[in-house]
Amino acid sequence: MTVAQPTVYYDSDQNRRPLITEFRNFWRYRGLIKLLVVRQLTVRYKRSVLGVWWTVLNPILTIAVLWVIFSNFFGRGGTLDEPYIVYLSAGILLSTYFVQGVNSTGASIINSRNILVKMYLPPEIFALVTALAAAANFILSLVPLFLLQLLTGVGIPWTVILVPLPLVTMLMFVTGIGLLIASAAVYFRDVLDITRVLTSLVNFLIPTFWTIGILEGKSALILVENNPVYSYLVSFRNLVYQGVIPERRFLIMMVVSSVVALMLGVYVFSRNWRRVVVRL
Amino acid sequence: MEVASPIEVSDVTLRYRLDRNRVGTVKEAAVRFVKRDHSYESILALDGVTFTVSPGEIFGVIGPNGAGKSTLMKIIARVLPPSSGRVIVRGSVAPMIELGAGFNPEFTARENVIIYGALLGRDPKFMRERVDVIVEWAGVADFVDIPVRTFSSGMKGRLAFSVATDIEPDILLVDEVLAVGDQAFRKKSEARMNELISGGASVVVVSHALGLVRRICARVMWIDSGRVKMIGPAQEVVDAYEASG
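Top line first, the protein sequences correspond to chains A and B.
Just so you know, we're using our numbering here: the first sequence kicks off at 426 and counts up by one.
Just so you know, we're using our numbering here: the second sequence kicks off at 8 and counts up by one.
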């Protein structure tokens, strides 16, 4: 009797090629990834009347609050060519993408513990799913931003077709950093709390509600300008409403930081998984 | 041509460190680092376990609580990588270990069936086509578009079992799963299992129900504290286990 060679084969000794295996898994499991992203986006709103509309409403409300506060109570230094509300909204949306992305991706492995200890799935796909959900939220929040640009007369320049560049590089950046945090979070539960505190500082490290002009001639300027997140912010504003192509140094910083973060995150995560999974 | 064993486990050891005063936070770790307190216990959950399962065989695993039976199943299911030794599994695996782990209470039975199937490695498109058959078999066809949070635990168990056994796997890993549902469903699920087995699937059963093990298994492995005590014909091993006990 001959038996057809089974299609599924598991050998614990098989050489895992770090990075290649993971990126292949992202592709192989794309069907499942899509399902899980949709599930993650919809589950939060399953029991609410407005449903998924909250995803759009949320940034609108946040921006409204910030706008009232910063246009009435605080000076912001420097002058802008564009209406402050547009400047502020673009900044807040991007920093929210980063902050929520890093925090939720960092928690993704612990949150999927239930599944990961019971059936075999490449764990890194759960991190990618969470980062993708953050990206999807960001895309949805662009709708109110576009409306705002139209209402204020800023308009929508042709460069918006290049917005996917900061969008995708940020996705890679968030996934990479999220994976680094996720491995550590299995060992030490307070890593997630520490991350939350640190990421909440982002709005002070990059000019979201303030303008870079207030740092003119100060040494802190170096800190901001060499911060990778700043390059995403500048590029995003350039493309989404200013209608200019970002400076080359920002493009380079953006692409390099995203590739390095993703590679490092995936590599460190997969190297440590063996030790992490028994603690999950 | 000789048919290769669907499951080969050779000299598998699973060791993990259990810190004596379990470090849970960065703060504690820092404090211990300063105090130079590096004590930890090394736990051997499995120690040099070796066995093979032949094609179409029903292989039983018995032993007291905490012997490492479930850990062994997780290693075969690829959830836990062995610390040393080697595991080879040839064929598709349907792990029936704590069924329904992927269910989300807020989603409907239909959505959950599709996601659960996809988590088990099946194509979502294929799952969409199978939903009706799966809910029908589980006896929840009337509730297919209702959130699973309204289901009784029996209904959830039946649904999960129905998804897990919807395809014909080459290897079935069963961890006390037949305890799902009422008398009628238990009969139905045993029949489904027999169907899969007669279709040529190999089965590994972990159970405390020694009567069942004696009845359905050809060979049995008895493990205790992570070590193999005995492997052999069901009757012999179960008798020896009972005599020890």
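Ideal placement from N, C-alpha and C gives every residue a C-beta, glycine not left out.
Keep in mind it's a predicted model, so treat the numbers as computed, not measured.
What in chain B is Cβ-close to residue i, meaning under 7 angstroms?
i: Ser-437(A); result: Pro-88, Pro-89, Arg-93 and Val-94
i: Ile-647(A); result: The premise fails here: Ile-647(A) is roughly 29 angstroms from chain B at the closest Cβ pair, so nothing lies under 7 angstroms.
i: Gly-456(A); result: Ala-125, Asp-130 and Pro-131
With distances taken between CB atoms, is the gap from residue i to residue j smaller than 7 angstroms?
i: Arg-156(B); j: Ser-90(B); result: no
i: Leu-53(B); j: Gly-233(B); result: yes
i: Gly-146(B); j: Ile-540(A); result: no
i: Phe-448(A); j: Leu-553(A); result: no
i: Val-490(A); j: Val-627(A); result: no
i: Val-691(A); j: Leu-513(A); result: no
i: Pro-102(B); j: Ala-84(B); result: yes
i: Ile-69(B); j: Ala-225(B); result: no
i: Ile-230(B); j: Gly-75(B); result: yes
i: Leu-630(A); j: Asn-652(A); result: yes
i: Val-585(A); j: Val-680(A); result: no
i: Leu-567(A); j: Val-462(A); result: no
i: Leu-687(A); j: Met-597(A); result: yes
i: Leu-457(A); j: Ala-125(B); result: yes
i: Val-579(A); j: Glu-507(A); result: yes
i: Asp-189(B); j: Ile-141(B); result: no
i: Pro-131(B); j: Ile-121(B); result: yes
i: Phe-613(A); j: Val-56(B); result: no
i: Asn-516(A); j: Pro-582(A); result: For the record, residue 516(A) in the displayed sequence is Gly; it is not Asn. Not closer than 7 angstroms, so no.
i: Ala-561(A); j: Leu-466(A); result: yes
i: Trp-144(B); j: Ser-169(B); result: yes
i: Ala-208(B); j: Leu-179(B); result: yes
i: Tyr-434(A); j: Ile-550(A); result: no
i: Thr-577(A); j: Val-511(A); result: yes
i: Gly-206(B); j: Glu-249(B); result: no
Does chain B have any CB closer than 7 angstroms to the CB of residue i?
i: Ala-429(A); result: Only weak support is given to the placement of Ala-429(A): the predicted model assigns it a pLDDT of 45, under 50, and the value that follows is read from those uncertain coordinates. No, its Cβ sits nowhere closer than 7 angstroms to a Cβ of chain B.
i: Asp-615(A); result: yes
i: Arg-674(A); result: no
i: Arg-453(A); result: no
i: Val-701(A); result: no
i: Val-693(A); result: no
Taking 7 angstroms as the CB-CB limit, is residue i close to chain A?
i: Thr-32(B); result: yes
i: Ile-122(B); result: yes
i: Tyr-23(B); result: yes
i: Ala-74(B); result: no
i: Ser-12(B); result: no
i: Ser-17(B); result: no
Listing by chain order, which chain B residues have their CB less than 8 angstroms from the CB of residue i?
i: Leu-460(A); result: Ile-121, Ile-122, Ala-125 and Pro-131
i: Ile-619(A); result: Val-33
i: Arg-388(A); result: The structure shown does not extend to residue 388(A), since chain A is modelled only from 426 through 705, so no value can be given for it.
i: Val-527(A); result: Residues of chain B passing the Cβ test: none, with the nearest at roughly 17 angstroms.
i: Val-370(A); result: Given a span of 426 to 705 for chain A in the structure shown, any question on residue 370(A) remains unanswerable.
List the residues of chain A whose Cβ lies closer than 9 angstroms to the Cβ of residue i, in chain order.
i: Ala-36(B); result: Tyr-612 and Phe-613
i: Arg-135(B); result: Those do not exist, as Arg-135(B) stays about 10 angstroms from chain A at its closest Cβ, beyond 9 angstroms.
For residue i, count neighbouring Cβ atoms within 10 angstroms of its own Cβ and tell me buried if that reaches 16, exposed if not.
i: Leu-605(A); result: buried
i: Glu-202(B); result: exposed
i: Asp-177(B); result: buried
i: Asp-438(A); result: exposed
i: Leu-575(A); result: exposed
i: Gln-430(A); result: For Gln-430(A), the predicted model reports a pLDDT of 45, less than 50, meaning its position is unreliable; a value from the coordinates is still stated below. Counting Cβ neighbours within 10 Å, Gln-430(A) comes out exposed, since fewer than 16 surround it.
i: Asp-139(B); result: exposed
i: Gly-92(B); result: buried
i: Gln-242(B); result: exposed
i: Thr-504(A); result: exposed
i: Lys-194(B); result: exposed
i: Gly-601(A); result: buried
i: Lys-543(A); result: buried
Can you pull the chain A neighbours of residue i, defined as C-beta to C-beta under 7 angstroms?
i: Arg-85(B); result: Tyr-435 and Tyr-545
Taking only beta carbons into account, state which residues of the region 537-548 of chain A come closer than 7 angstroms to chain B, listed in chain order.
Cβ contacts with chain B: Asn-539, Ile-540, Val-542, Lys-543, Met-544, Tyr-545 and Leu-546.
Under 9 angstroms, CB to CB, which of the residues in the region 471-489 of chain A have a partner in chain B?
Hits within the stretch, in order: Lys-471 and Arg-472.
Any C-beta of chain A within less than 8 angstroms: which residues of the region 103-116 of chain B qualify?
Cβ contacts with chain A: Ile-104, Glu-105, Ala-108, Gly-109, Asn-111, Glu-113 and Phe-114.
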